[in-house]
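What follows is one structure encoded as C-alpha cells, with my remarks underneath.
Numbering (the UniProt record's numbering), first residue to last: 1 to 532.
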C-alpha cells in the first residue's frame, strides 16, 4: 500500500466551490495497492465505524475515478455531519500495515487560495545562488502545490515536468541562467478541494556575468609590427550597458562602455619589448565580469622534423654513425627572424643532454628544408633529439624526435671525411702523454686581442666560420714541446671474403694544413698498424 490521497468535492449540482449546509459533499480517498484486487476500504466518523446509508453513501466502484478509490457521499449536509472522517485502506490477507487518511469537514473547511508575496516577483538572483520561489496558500485543508514552467515546455530543476510542494515553496539550489523565466504554482486536487485549480505566476531573473570570446588565445608577433585584439560579448544579463577594461599585466591601458556594440578592440601600432605579455579585457555587469586573455609573445613556432630524408643514416667508421637531420620551420615569418637553433641530443634512457647552437645566416622561407649532420653517434644507441628556434625574443617552442640506428647491408666502409665542424672533432683524440693539446678554432672565434698574428684568416674553403685544429707555439710553449692528435682506427682489411693478398686495396690519407711563423717547429705524420 502506498500514496494515500484524498480530495473533497462540493455539491456538483451547484456552481459553488464552498461547502454549505443542506447540500451534497463528496469525500474521495485513493490508495495504490499491489495486488489491486486485494484492496479493501472502510470508513470511520470520529473514530467509529461508518456504514453506507441513504444519506451516507459509500461506493468503491465509481467509473469516473481511477482504480483504488472509494467515495463517501454525504447527502443533505447537516451540522451534525461535521467531524473527522477516516478512510482506512487494507489488504484482504493482511500482513501489510493499514493506511489511514483523516479528512475534517466543518464550517472552517474552505477552498484554497493562492497569492504571491510582492517582494517575491520578480525575484532577482545571481548564478550559483540558492533561491526560494514562494506561493502563499490559504484554505482548509491546505492542498499540495504543483510547480511548473509557465513560459516553455521544459523540465523543472529536479528533472520532472511537475514538482510537488507541501508548503508552497520551490527551493532551487545553485541556480543557473537556464533556470530563468516564468514559473507557475497551482493547487492540486489531492489533499484538498476538487475544484478548478488556483494558480499564480512569478518571474525568476538570473543575473550572470558576460560570457565572452575568446577566453584565451596566443598571438605570435615580431617587434615593430602592428596588431589588434578584439573581445566579444556572447551573452550577459543585464546586457544593456557593460563596462570594459583593458590591461597589460597589471598596467591599465584603457576603459570604456559598450552601449550598442557587442565587442571592444585594442590596437597596437608597433610592438616593442615592453608590449609582450598577457593582455586582458574584463567586460563587467553587476553580476561580475567575463575575461578575454591574449598572450602576445615573440616565441617562434616549433620546427617540424622531416622524416623522408633519402639515406639519412650513414656510416664511415667502425663504432659510430652519422645522421642527416632535416626539418622545416612552422610559420617562420610570424615572429622575428630565427637567428639560430638550439640542438639538444642525448642517448635514450639517459638524463644528460648535450647542447649546441646551429647558427642561421639568412631568413628562413616557408617550406624551406633545413639540414644539419649529426656525427659521432655511438652504435647501436638510439638518440633523443630536441630542436628549439631562437629569435631576439628568446627561445621558441621545441620539438623532439628519436633517431634509431639500423645496421647497413654492407658494414665495410671505405671513405672517411672530416672538417672538424663539430665539437666531437670527428672522434680524433688528444695524446695526453704530450706537453699540450690541439685546439678547435675558426677565424670567427679567434681572440685577436691575445693572438693577433696567429692562425689562418679562414678555413681551407675561405670561410671565416669554418673550423680547423690549431696549436699556438708562442709562450708558454718551449722548443721541443709536442701536441699529438690521434685519428680513429681505420680498418684496411680487404673486401674480398677470401682474404687474397693480391686483392688488397690501396688507401690514401690526405689533409690540408697551414703553417706560418719563425718558431712554428715541425708537423709530423705517422701511422701505426694494429694486428687483428
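Ideal Cβ placement from N, Cα and C applies to all residues, glycine included. These numbers were taken from a predicted model, which means no experiment stands behind them.
Short CB-CB distance (under 8 Å) between residue i and chain C
| i | result |
| --- | --- |
| residue 220 | The structure shown contains no chain C, having only a single protein chain. |
Test item: CB-CB of residue i and residue j under 8 Å
| i | j | result |
| --- | --- | --- |
| residue 177 | residue 131 | no |
| residue 21 | residue 92 | no |
| residue 335 | residue 298 | yes |
| residue 395 | residue 384 | no |
| residue 519 | residue 454 | no |
| residue 90 | residue 98 | yes |
| residue 321 | residue 387 | no |
| residue 6 | residue 191 | yes |
| residue 483 | residue 437 | yes |
| residue 248 | residue 277 | yes |
| residue 569 | residue 229 | Any answer about residue 569 is impossible in this case: the structure gives the chain only from 1 up to 532. |
| residue 430 | residue 370 | no |
| residue 68 | residue 38 | no |
| residue 15 | residue 111 | no |
| residue 232 | residue 212 | yes |
| residue 169 | residue 134 | yes |
| residue 209 | residue 179 | no |
| residue 1 | residue 96 | yes |
| residue 115 | residue 150 | no |
Unbroken beta strand (DSSP E) run spanning residue i, endpoints
| i | result |
| --- | --- |
| residue 418 | Looking at the DSSP string, residue 418 is not in any beta strand (DSSP E), and its letter there is neither H nor E. |
| residue 340 | 340 to 347 |
| residue 359 | 354 to 359 |
| residue 31 | 25 to 32 |
| residue 276 | Taken as a continuous stretch (DSSP letters only), residue 276 belongs to no beta strand (DSSP E), as it is neither H nor E. |
| residue 246 | 242 to 248 |
| residue 71 | 69 to 74 |
| residue 42 | 39 to 45 |
| residue 296 | 288 to 297 |
| residue 113 | 110 to 115 |
| residue 399 | 399 to 403 |
| residue 373 | 370 to 378 |
| residue 81 | Run containing residue 81: none; DSSP gives neither H nor E here. |
Proximal residues to residue i (C-beta, below 6 Å), its chain only, five neighbours per side dropped
| i | result |
| --- | --- |
| residue 467 | 420, 421, 440, 442 |
| residue 197 | 186, 187 |
| residue 162 | 146, 148 |
| residue 426 | 418 |
| residue 409 | With a pLDDT of 44 at residue 409, under the threshold of 50, the predicted position of this residue should be treated as unreliable, though the coordinate-derived value follows. Excluding positions up to five away in sequence, the list is empty. |
| residue 101 | 4, 6, 29, 87 |
| residue 500 | Confidence in residue 500 is poor, its pLDDT being 48 and thus under 50, which makes the residue's placement unreliable; the coordinate value appears in the next sentence. None. |
| residue 171 | 132 |
| residue 372 | 325, 358 |
| residue 533 | Nothing in the structure corresponds to residue 533, since the chain is present only between 1 and 532. |
| residue 11 | 23, 24 |
| residue 73 | 26, 57 |
DSSP beta-bridge partners of residue i
| i | result |
| --- | --- |
| residue 163 | 147 |
| residue 443 | For residue 443, which the question treats as bridged, DSSP gives no partner whatsoever. |
| residue 305 | 327 |
| residue 135 | Bridge partners of residue 135: none, in fact. |
| residue 550 | Since the first residue of the chain shown is 1 and the last is 532, residue 550 is not available in this structure. |
| residue 14 | For residue 14, which the question treats as bridged, DSSP gives no partner whatsoever. |
| residue 6 | 29 |
8 Å Cβ shell around residue i - same chain, five flanking residues per side excluded
| i | result |
| --- | --- |
| residue 502 | For residue 502, the pLDDT reaches just 47, beneath the cut-off of 50, and the residue's location in the model is therefore unreliable, although a value from the coordinates is still provided. There are no such residues. |
| residue 497 | Per-residue confidence for residue 497 stands at a pLDDT of 46, beneath the threshold of 50, marking its modelled position as unreliable; the derived number appears in the next sentence. Closer than 8 Å at Cβ, skipping near neighbours: no residue. |
| residue 523 | 513, 515 |
| residue 144 | 164, 165, 166, 187, 188, 190, 191, 192 |
| residue 225 | 270, 271 |
| residue 304 | 327, 328, 329, 330, 399 |
Cβ shell of residue i (< 7 Å), same chain only, five flanking positions each side left out
| i | result |
| --- | --- |
| residue 526 | none |
| residue 167 | none |
| residue 391 | 298, 300, 335, 336, 337, 338, 339 |
| residue 50 | 43, 44, 56 |
Task: Three CB pairs or more closer than 8 Å across the region 310 to 322 and the region 226 to 244 - done: no
- [ ] Could you tell me whether the region 25 to 40 touches the region 112 to 122, using the rule of 3 or more Cβ pairs below 8 Å?
- [x] no
Open item on the list: Pairs of beta-carbons, one from the region 253 to 273 and one from the region 350 to 368, closer than 8 Å: are there three or more?
Closed with: no
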